[in-house]
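Under the numbering used here, read the sequence shown as residues 3 to 398, first letter to last.
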Amino acid sequence: MSYRYTPSDKPNTRIDVADILRGIAIAGIILIHFIEQLNFYVFPEPTSEFWATTNKIVWDSTFFLLAGKMYAIFAMLFGLSFFIQHDNQAQKGVDFRPRFLWRMVLLMLFGLFDLLFYNGDILFLYAVCGVLIIPLIRASDKVIICFIILMLMQPVELVYLLMGLINPETQPLDLGSWSYFGAIVQAQSEGTILDVAVAGIKNGLPVNFAWAIENGRMTQTILFFLLGIMVGRKRLFYNEGDNLKIWKKVLVGSIVAFALLLPLYIFVPEAVEVKCVSNSLNVALNMWKNLAMMLFIVSGVTLLYYNTSARNWLIKIAPYGKMSLTNYLGQSIFGAMLFYNWGFGLFRYCGHTASFLLGAAFIVVQFIFCTWWMKHHKRGPFEQLWCWATWFGKKK
Numbered sequence: 003m004s005y006r007y008t009p010s011d012k013p014n015t016r017i018d019v020a021d022i023l024r025g026i027a028i029a030g031i032i033l034i035h036f037i038e039q040l041n042f043y044v045f046p047e048p049t050s051e052f053w054a055t056t057n058k059i060v061w062d063s064t065f066f067l068l069a070g071k072m073y074a075i076f077a078m079l080f081g082l083s084f085f086i087q088h089d090n091q092a093q094k095g096v097d098f099r100p101r102f103l104w105r106m107v108l109l110m111l112f113g114l115f116d117l118l119f120y121n122g123d124i125l126f127l128y129a130v131c132g133v134l135i136i137p138l139i140r141a142s143d144k145v146i147i148c149f150i151i152l153m154l155m156q157p158v159e160l161v162y163l164l165m166g167l168i169n170p171e172t173q174p175l176d177l178g179s180w181s182y183f184g185a186i187v188q189a190q191s192e193g194t195i196l197d198v199a200v201a202g203i204k205n206g207l208p209v210n211f212a213w214a215i216e217n218g219r220m221t222q223t224i225l226f227f228l229l230g231i232m233v234g235r236k237r238l239f240y241n242e243g244d245n246l247k248i249w250k251k252v253l254v255g256s257i258v259a260f261a262l263l264l265p266l267y268i269f270v271p272e273a274v275e276v277k278c279v280s281n282s283l284n285v286a287l288n289m290w291k292n293l294a295m296m297l298f299i300v301s302g303v304t305l306l307y308y309n310t311s312a313r314n315w316l317i318k319i320a321p322y323g324k325m326s327l328t329n330y331l332g333q334s335i336f337g338a339m340l341f342y343n344w345g346f347g348l349f350r351y352c353g354h355t356a357s358f359l360l361g362a363a364f365i366v367v368q369f370i371f372c373t374w375w376m377k378h379h380k381r382g383p384f385e386q387l388w389c390w391a392t393w394f395g396k397k398k
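In structure tokens, the structure reads:
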């Protein structure tokens, strides 16, 4: 019997906890980008052993706590948003898929705009992955779960792992991402804003897609998009039914999974002599470890929001999450101005600690702005532009 898609019979109201998680995710992403000095990776020598040690602690702690986890949350919520938009329109008898395709074209344009300032843009990659999941938005739960499992297995890494086992001389996947990075550095360190823009457009897309495929990020992005769709279908972010019991199980399971995966990630790839196998295991185990930590964060925040008085503090993050696109593009523009040669050129003076503190200060400024803006507007500036362009100014 063929599967026939039917929209849900409950309204998809605004989910505060999703906005809170989105705010946490975008803040974490910005901190990572600032400590990297927006993909510059050119840092001054520490002035003392104390600062060398401090910089290492700040760098290692930031990446341990945030890298891979914040992107995972952000991507999952992208999938959730797709489900909500599609389901709301399906309840009205409207097929949202053509409109979503156009929405992804617009996101590509935002991504190209972002590349004028920051070569590490994720918006274009998200748009491409968004297009790829359109055929699955009306698939059955079983089909989506099968694709989730497939992406969870990291098919590219699995293929290279098998190739390495068959032929130990096989080299890890290398699409030349670092050569593209190298072609951009001169514009960042010596060029004008126009030089950075040209380098970003010319090399930004190749470097992002090459790096994403080499490091499993593209299949991971699709995985988290689909996971977000399933979270939406099951209405897991609403406090209804046994959802909180489910999140408690997720919390416990994520702790156990992380405790098992962390030592595997640290020791197993290093113990394997075949380079291709070692690299594939490193990528796969890193993603699984990050997934466990991401689920810990998501379930923990959800339970805190619904079960404790922390809700009163967490809700203050929601305006920041509602303006995630504006905040993301803002960090690219102002971050490039702070660190690159065409702006203040702070890459010459700021190590990891100073860059982290600049990122934290920038987030505070953004937070204050978002809190003020959302008291007077329904959406952020870029969110409103995206909404208007999506619907051509028509009432949804």
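Using N, Cα and C, we set each Cβ at its ideal position, and we do this for glycine too.
Environment of residue i [buried if 16+ CB atoms lie within 10 Å]
i    : result
R350 : exposed
E171 : exposed
Q173 : exposed
R105 : buried
K71  : buried
A273 : exposed
T392 : buried
C278 : buried
A20  : buried
L196 : exposed
D123 : buried
Y5   : exposed
R16  : exposed
P321 : buried
A261 : exposed
G95  : exposed
S1   : Residue 1 is absent from the model: the chain starts at 3 and stops at 398.
Residue i versus residue j - alpha carbon distance
i    : j    : result
R313 : Y307 : 4 Å
A189 : I37  : 19 Å
P208 : G243 : 46 Å
I317 : G323 : 10 Å
G353 : F45  : 6 Å
Y182 : H35  : 18 Å
M220 : A363 : 31 Å
W375 : M339 : 23 Å
K398 : A92  : With a pLDDT of 49 at K398, under the threshold of 50, the modelled position of that residue is not reliable, and the figure given next carries that caveat. K398 and A92: Cα-Cα distance of roughly 12 Å.
P271 : L175 : 16 Å
I224 : N57  : 34 Å
L103 : D89  : 15 Å
G347 : F341 : 5 Å
L387 : W61  : 36 Å
F369 : L177 : 38 Å
I365 : L33  : 8 Å
G193 : A199 : 10 Å
S282 : K380 : 45 Å
P48  : Q39  : 16 Å
D11  : A259 : 35 Å
F211 : L109 : 16 Å
W213 : Q222 : 13 Å
As assigned by DSSP and simplified to three states, the class of residue i
i    : result
S301 : helix
F42  : coil
Y120 : coil
M339 : helix
L108 : helix
Q386 : helix
H379 : coil
R16  : coil
T221 : helix
N169 : coil
S181 : helix
C352 : coil
S334 : helix
A312 : coil
D21  : helix
I86  : helix
L238 : coil
D197 : helix
D62  : helix
Q368 : helix
S10  : coil
P321 : helix
Y307 : helix
Q188 : helix
V145 : helix
L134 : helix
Distance cut-off 7 Å: residue i Cβ against heavy atoms of the ligand SAM
i    : result
F336 : No copy of the ligand SAM appears in this structure; indeed no ligand is present at all.
_Inter-stretch contact (C-beta, 8 Å, three-pair minimum) for the segment 260–270 and the segment 315–330_ = no
_Within 8 Å, do at least three Cβ pairs link the segment 278–291 to the segment 183–199?_
no
_Does the structure place the segment 23–35 close enough to the segment 70–90 that three or more beta carbon pairs sit under 8 Å?_
yes
_the segment 139–149 contacting the segment 158–171, beta-carbon criterion three pairs below 8 Å_ = Judged by Cβ distances under 8 Å, the segment 139–149 makes no contact with the segment 158–171, as fewer than three pairs qualify.
_Three Cβ pairs or more, each shorter than 8 Å: is that satisfied between the segment 104–119 and the segment 198–207?_
Short answer: they touch.
*asked:* Could you check whether the segment 225–236 touches the segment 78–85, counting it as contact only if at least three pairs of C-beta atoms, one from each stretch, sit closer than 8 Å?
replied: yes
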